[in-house]
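See structure below.
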Amino acid sequence: MDTGYVRPGTAAAWIVKGGASAAVIETGTARSVPHLLAALAAHGIAPRTVSHVIVTHVHLDHAAGAGALLARLPAAKLVVHPRGARHMIDPSRLLTGAAEVYGGMEAIRALYGDVVPAPADRVIEAPEGTLVELGGRTLRILDTPGHAKHHFVVHDPATRGFFTGDTFGISYREFDDAGRPFMYPTTTPVQFDPPALRASVERMLAEKPGRMYLTHYGMIEGRIPEAAAAMLEAVDGHVAVARAAPPGPGRQAAIRAGLEDQLLGLLSRRGWKGTREEALDAYAADLDLNSQGLAVWMESQVKA
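Heads up: the sequence shown is residues 47 to 350, going by our numbering.
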């Protein structure tokens, strides 16, 4: 399901059916709720039969709609990482932190709508190994830090797939080439951790998955190790750009400029035929957020 975030093909949520129940994985923003309800109806799934809403982590493009969606799904419980649960119950600190990144509360409201709390008695904290039962179909939670400490992925043995959130990076479908997905990292503030991210990706690969269900965007099927290698190579490139940027007030701008060059170089190597403007426009928000996250990460390296 397209959540309607920013532009078509940017952010997805997923319906997973099992027996007489179903789960919604990722919620998008508060503005996404009508899209999700319409998708459930289109698939013949009554709101009262949705037993779980699962968010891979609490960044607002993945989870801002959780409270509003729960209000429309009377039987559903919210499954969230233990580090993120309190932010779903009381999103005030989450919103304040996001406002610092995006430029104020009005910008947050414009992007994400009115973010409402999730009722505490409907929130399930899901540590490593948690099983979510969907009427004969079992989903498994794996703790996967690297993008954020409050991130998990959802393993679906029935399809040999992972719902990856941001751990496996992003891949916009218009940049596919001959069936090959173009993989790109997401290093948004404030908990990017390159070694942890690599370990999380390798942990998923150990399960020999056949499919990856990306929030940004859509399903990747087959040649998963190749996609993982490309994404991790780009992570290494991000880290190199960040390390090369001079410290001081201009660091983030220097990182962003370096990431632009890296992005265009990666696309050129693949033989992409689009224009520079098309690429930079499609990845504008990612370049902004990735450069911010890398600047924060560099500061953390200095303090360490």
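For glycine and all other residues, C-beta sits at the position ideal for the given N, C-alpha and C.
Using alpha carbons as the reference points, say which of Val125, Gly111, Leu124 and Met344 lies closest to Val79.
-> Gly111
Closest Cα partner of Thr56 within the set Glu220, Ile266, Leu326 and Gly317 | Glu220
Between the stretch 90 to 104 and the stretch 201 to 213, do three or more beta carbon pairs fall short of 8 Å?
-> yes
Backbone CA spacing between Arg132 and Val200 [nearest angstrom] | 20 Å
Does the separation of the CB atoms of Leu140 and Ile170 fall below 9 Å?
-> no
Would you kindly report the start and end of the unbroken alpha helix (DSSP H) that includes Arg289?
-> Ile270 to Ala290
By a C-beta neighbour count over all protein chains shown, 10 Å radius and 16 as the cutoff for buried, is Arg53 buried or exposed?
-> exposed
Might you give, ordered along the chain, the residues of its own chain that have their beta carbon closer than 8 Å to the beta carbon of Leu309, omitting 5 neighbours on each side?
-> Tyr230, Ala325, Leu326, Tyr329 and Leu333
Under a Cβ-count criterion, where at least 16 other Cβ atoms within 10 Å of its own Cβ denotes burial, should Glu174 be classed as buried or exposed?
-> exposed
What separation, rounded to the nearest whole angstrom, lies between the Cα atoms of Ala242 and Ala252?
-> 15 Å
Tell me where the alpha helix (DSSP H) around Ala112 begins and ends.
-> Ala112 to Leu116
Under the rule that 16 or more other beta-carbon atoms within 10 Å means buried, what is Glu345, buried or exposed?
-> exposed
Taking contact to mean at least 3 C-beta pairs separated by less than 8 Å, is the stretch 275 to 285 in contact with the stretch 221 to 240?
-> yes
Within the same chain, show all residues whose beta-carbon is closer than 8 Å to that of Arg94, passing over the 5 residues directly before and after it, in chain order.
-> Leu119, Pro120 and Ala121
Measuring CA to CA, which of Pro292, Pro293 and Ile301 is closest to Gly283?
-> Ile301
So, helix, strand or coil for Ala65, using DSSP?
-> A small fix is needed here, since residue 65 is Gly in this sequence, not Ala. If DSSP states are grouped into helix, strand and coil, Gly65 belongs with coil.
Does Ala276 have its Cβ less than 9 Å from a Cβ in chain B?
-> Looking for chain B here will not work: only one protein chain is present.
Please name the residue, chosen from Asp239, Pro165, Asp160 and Thr142, that lies closest to His197 on a Cα-to-Cα basis.
-> Asp239
What residue from Ala153, Pro191, Tyr158 and Pro128 has the CA that sits closest to Ala172's CA?
-> Pro128
Does the separation of the CB atoms of Gly320 and Ala245 fall below 9 Å?
-> no
Within the same chain, show all residues whose beta-carbon is closer than 7 Å to that of Ala291, passing over the 5 residues directly before and after it, in chain order.
-> Arg297, Ala300, Ile301 and Gly304
Go ahead and pull the three-state DSSP assignment for His98.
-> strand
Mapping DSSP to helix, strand and coil, what is Phe221?
-> helix
At what residues does the beta strand (DSSP E) containing His196 begin and finish?
-> Premise fails: His196 is in no beta strand (DSSP E) and is neither H nor E.
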